[in-house]
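Just below is one structure, and these are the notes that go with it.
Residue numbers (the working numbering), protein chains in the order written: chain B, 1286 to 2072; chain S, 29 to 274.
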C-alpha cells in the first residue's frame, strides 16, 4: 500500500465516528432508494409478468344481458385482438355459525379450457368440469382466511337460489389482484372472495343460457383504445351496456397503480433529503479536514506530490464514505424491501410476490451515494489542490471576530463571557452553522411529514367513516328495487331508520373530455349521510344541478357554471344536461351528486333503490343480520364499524412500521449532523476548552460551551423544521393522492411536538456524548501546542 | 476539606508549597519517561522563583503539578495546609479557580473574546476578583480593552494573559516561558508587568524560562536536570526587569 493510501486508511480510522455518522445518513438515502425503487420494480415486474402470462385484458365491459353472439361482433372491431365473454355474478355465502355477511364474486370460466383472458393461475386442485353443477375454484386468499380446502363445500345464494358449491381448486387471476368488496375501501379476504365456476353451470344458475353480462378484450399493438371503447359501447348499448373501460378504470389495476404511484413519489421525495444532508456533511467535514491538514498538504506538495494526487487523496475519502453507505444502505434496503413486499403480499392477491434484487437499483443507489459524497467533497478537494506549498506550511491566519448585531444584543442582555463565545462562534462560521441548522431542520421536517401521514390517514378515516356515514349497516340489493324494500327493512325489529340511496352509471361529457362515473343521489333530508370535505367541513348540498368532487371536476376540466352532458349507461341511455353548481373538495374518488329528482329525470323511473342505509339498535344487530341473510333480494351487508376497524388495523400495521423506520431515519440525520458539528466544534475549541479548564472552569461548565452552541443551533432549527415539515407534508400529500383518494393535510400539534422531541433527544444525546470528551481533555498537551 | 488556599491561611510561617518526594512517570506505549525523580521543595509565600533547565528536565512537569493541571505519580504536595495530592478532580479545579494564575508561552487567549472579555472569563467565576478593567489597567492595556486578540500584538496579547491570570488575585502565578514568543523589548515589558503584579498582590510567582538572563529577577533560581533539582541559587539582590536584556 502506498504511503498516501496508508494515511487515508488511518485518517478514516481516526475519524471513524464522523465517517460513520455521515455514512449512516448517506446509507439512509441508499436504503430508502433501494427500498422504494426496489419494491416498485418488484411490484411492476411481478404485475407485468402476471398480466402477460395470464392475458390480463385491456378493455372491460359489463351489461345487463347480451347474447353470446355479440362476442363475434366485438371481435370484428378493428384493433381488437381477442374477446371473451362470460358471466360475472355476486353471490352471498352462508357459513354456519357466522352471522356477518360473506360475499363472493363468481366469474364464469370455459369448462373446455378455452378461457384465456384473465386466466387463473391454479394453486391447488383443478378447474371445474363440464356437467358438474356446483364445482368452483376459489381464490387462494379467501380459502386460507376461511379454512377452505379442496373438497370443502359452501352454501351459496346465487341469483336468488340456494346452491351448494364444491371447491375443486384454489387459484388467482390478474383482474382481481386487489379485490374490494363493493362499496368498501379495504380488501377483506375473510368476507369477500373471488370464485370461478364453469360457464354452463353459471349460465344455468343465473338464467342466462347462451348469454353474457361481461366481456373483456385485448387490443392489437397500436390500436386506439378510445376508438375500440366507442365501438364496443355502440354494440353493447341495446343490451344495457354500462360503458366499456380500459385498465386505468379497472378497480384492481387502478388500486395497484395508485400504490405504485405512491412508491414512485416516495422514491422521489425521501432519498434526495438524505443525499442533500450527506452532501453538506461531507462538505463540512472534508473542508475542516483540509484546513487542519494544511501543513501536511504543503509538505506533501513540497515533496513533489502533484495537486492532482492530493485532490484524489481527499476525493477517495469521500468515496470511502460512499462505499460504507452503499453497503449498509443496500443491506438495510433489502431487509426493509423484503418486509414491505411481504406486507404487500397480504393485500395484493399475487400468486407469487418477491422482493426482486435488481442490479439497476443498486447501481443507481451507488451512483447517487458516490455522486452526492463527491459533490460535497468538491470544495475541500479544490482548496487542497489550490494550496501553494509555502503558504500551506505556515499556519493559517487566526480567525477574526467582529462585534456584530447579535453582539450588541448580547451586551445589552448581559451575556457572560461564555455566552459571547457561543454566539460569536456561530456568527464566525455562518455557513457551517447554517448547515447544522438546516440538517436538523430537515430531519425534523422529514419526521413531521411522516407523522402527518398518520394524522392525514386518520383524518381521512374520520371524515370518510365517522363523520360522513352515520348508518350502522349498508344493505346492497341484487338489483335495483322499488321503495317497498325500504318499508320491508323498516319493519325489521331493531331497525331505527332506513334511507335509500341510488347511483346510476353515467358517462359525463364536457367539451371533448368524457368520464365514466356514477351519479349518486343525495337527499337533503338524509340524516344518515353527510358530505365532508378535505378540510373537515360539511359540504352543503345544492338544491339543484350537479355537485362534482374536485377530482372529477379536474378530469373534466369543469368549473362551476359549466353544463355537463350526462348519459345514462345501461338501461335506456337517456341523456340530460345539467350545470355544475358546486365543486366539493372530497377525499375519496371521482364522484358526482345530484338530488333524487334529477336522477329520476335521467332514469325516467320512479326512484328505485340501489342500496339502503340502516341505523339499528346495537342489541338487535345479530337478529337483523340473520334476517337480512335470509332475504333473497339482499346481495350484501357492510357493517360500518367493521370496515372502520379494518381500516384502522391497516393504518396501524403499515404506518406504524413506516413511522418506526422514519424515526430511525430522521434520528440518523440529526445524529449525523450534530455529531459532525459537535466533533468539529470540539476539535476547533479543544484549545479554548483546555484554557478554560486551566482557568478553573469545571468540566461541566466547559461542557456547556459545546452543548450551548449545539442547543442554540437546534433551537434555531426547530421553527425552520416546522416550515420544512409543513412544505414536505403538503408535497407528499399532493404526490400521494391518486384518482382513488386524496389525502387531507391534517397535521396535529402532537406531530410537531413529537418530531421536535425526537430531534431534540437525538441531537442533544449526540452532543452530550461528544461533550463527554471534555473529561478526557489533556490540558497540558493542548496548551503546550500552538493553536 | 479546608478551602484550598484561603488567604487567611497565608502566614509567614507556612510555606506556599511544600513537596515531598514528588515523582512523575509518563508511560506512552512501551516507553517510560521519568519526568520527576523525587522533588522536595518548599516555596515561601510571596517568593519569586525562576526555574531553569534543558528541555525535558522536569521543570514544566513540576509547574503543571503545582498548578493542579497534572498529578504526581507518587509523593505529596501541600499548598499551605491543604494536601493537593489528596484532592479529587473537582476540588483541584476549585483550587485552580481560586488560587492559581497561569501564563503560557502562546498566550492561550480565546480569539472570539475581546481583551476585557478574556479577563472576564476569570472574573465571572472567581470569588474575590478585581474588576476586569482594573486588571487591564495594571498591565497598561486599559485603552485596548475592546480589541480582539487578532487585533493585538504578541506582547499585548501576553499582557492580556497576565491580566487574566491576576484578575482573580491569585495566591500563586505560574508562568511557562512567558517571554518565549516575544522579542527582547516586549519580553521585558511583560516581565515588568509580572514584577509589578508580584509586588502589588504579593503572589508567589514561578517562572520557567530558557533565558538565563531572566533569572536575575528571582529570589531563588532552581536548576533542573534529569527530573531533579540539581542546584538552588539564592539571589540576594534581585534586579529590576528593566535592567535585563537578551
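Glycine is no exception: its CB is placed at the ideal position from the N, C-alpha and C atoms.
Mind checking who residue i pairs with in its DSSP beta bridge?
i               : result
residue 1610(B) : BP columns for residue 1610(B) are empty, so no partner.
residue 70(S)   : 46(S)
residue 1376(B) : 1389(B) and 1443(B)
residue 1806(B) : 1879(B)
residue 1497(B) : 1351(B)
residue 1266(B) : Residue 1266(B) falls outside the range modelled here, since chain B spans only 1286 to 2072, and no answer is possible.
residue 1481(B) : 1392(B) and 1422(B)
residue 1292(B) : According to DSSP, which records beta bridges pairwise, residue 1292(B) is partnered with nothing at all.
residue 253(S)  : 256(S)
residue 1346(B) : 1500(B)
residue 1783(B) : 1899(B)
residue 204(S)  : 236(S)
residue 64(S)   : 52(S)
residue 91(S)   : None, per the DSSP bridge assignment.
residue 107(S)  : 45(S) and 110(S)
residue 79(S)   : 236(S) and 250(S)
Let me know if residue i comes out buried or exposed under the rule of 16 or more other beta-carbons within 10 Å of its beta-carbon.
i               : result
residue 1436(B) : exposed
residue 1473(B) : buried
residue 39(S)   : No answer about residue 39(S) holds up, because its pLDDT of 42 lies below 50 and its placement is not dependable.
residue 1299(B) : exposed
residue 191(S)  : buried
residue 1330(B) : exposed
residue 1520(B) : buried
residue 1481(B) : buried
residue 1785(B) : buried
residue 1972(B) : buried
residue 1648(B) : exposed
residue 1860(B) : exposed
residue 1754(B) : buried
residue 2064(B) : buried
residue 2057(B) : exposed
residue 1442(B) : buried
residue 177(S)  : buried
residue 1714(B) : buried
residue 1738(B) : buried
residue 1844(B) : exposed
Between residue i and residue j, is the Cβ-Cβ spacing less than 8 Å?
i               : j               : result
residue 1445(B) : residue 1425(B) : no
residue 2098(B) : residue 1836(B) : Residue 2098(B) lies beyond the range of chain B shown here (1286 to 2072); nothing can be said about it.
residue 1828(B) : residue 1848(B) : no
residue 1875(B) : residue 1800(B) : yes
residue 44(S)   : residue 232(S)  : yes
residue 158(S)  : residue 125(S)  : no
residue 1487(B) : residue 1636(B) : no
residue 1491(B) : residue 1372(B) : yes
residue 1321(B) : residue 1639(B) : no
residue 1307(B) : residue 1566(B) : yes
residue 1897(B) : residue 1654(B) : no
Any heavy atom of the ligand ATP closer than 7 Å to the beta-carbon of residue i?
i               : result
residue 1613(B) : The model on display carries no ligand, and the ligand ATP is accordingly not part of it.
Which residues in chain C sit within 7 Å of residue i, going by Cβ to Cβ distance?
i               : result
residue 1973(B) : No chain C is present in this structure, whose protein chains are B and S.
key: Under 8 Å (Cβ pairs) to chain S, residues found in the region 1708–1730 of chain B   = 1709, 1710 and 1713
message = Restricting to runs no shorter than 3 residues, where is the beta strand (DSSP E) found entirely within the region 1789–1869 of chain B?
response = 1798–1806, 1831–1834, 1848–1853 and 1860–1869
task = Select from the region 1981–2013 of chain B all residues with a C-beta closer than 7 Å to any C-beta belonging to chain S, and list them in chain order.
result = 1981, 1982 and 1983
key: Whole alpha helix (DSSP H) elements within the region 1894–1931 of chain B, 4-residue minimum   = 1906–1914
ask   = Name the residues in the region 141–163 of chain S whose C-beta lies less than 7 Å from a C-beta of chain B; which are they?
value = 141, 145, 148, 149, 150, 152 and 153
Contacting positions in the region 238–254 of chain S - beta carbon closer than 8 Å to chain B = none
inquiry  = My parser needs the alpha helix (DSSP H) runs of 4 or more residues fully inside the region 1738–1783 of chain B; what are they?
reply    = 1769–1776
ask   = Using a Cβ cut-off of 9 Å, which residues of the region 171–185 of chain S contact any Cβ in chain B, in chain order?
value = 174, 176, 177, 178 and 179
ask   = If you measure beta-carbon to beta-carbon, which residues of the region 87–102 of chain S are closer than 7 Å to chain B?
value = 92, 97 and 98
inquiry  = Please list, in chain order, the residues of the region 40–71 of chain S that have any C-beta partner in chain B closer than 7 Å.
reply    = none
inquiry  = Just to confirm the assignment: which complete alpha helix (DSSP H) runs, minimum length 4, are found wholly within the region 1556–1606 of chain B?
reply    = 1579–1588
task = Could you list the residues in the region 2036–2066 of chain B with a C-beta less than 8 Å from some C-beta on chain S, going in chain order?
result = 2064 and 2065
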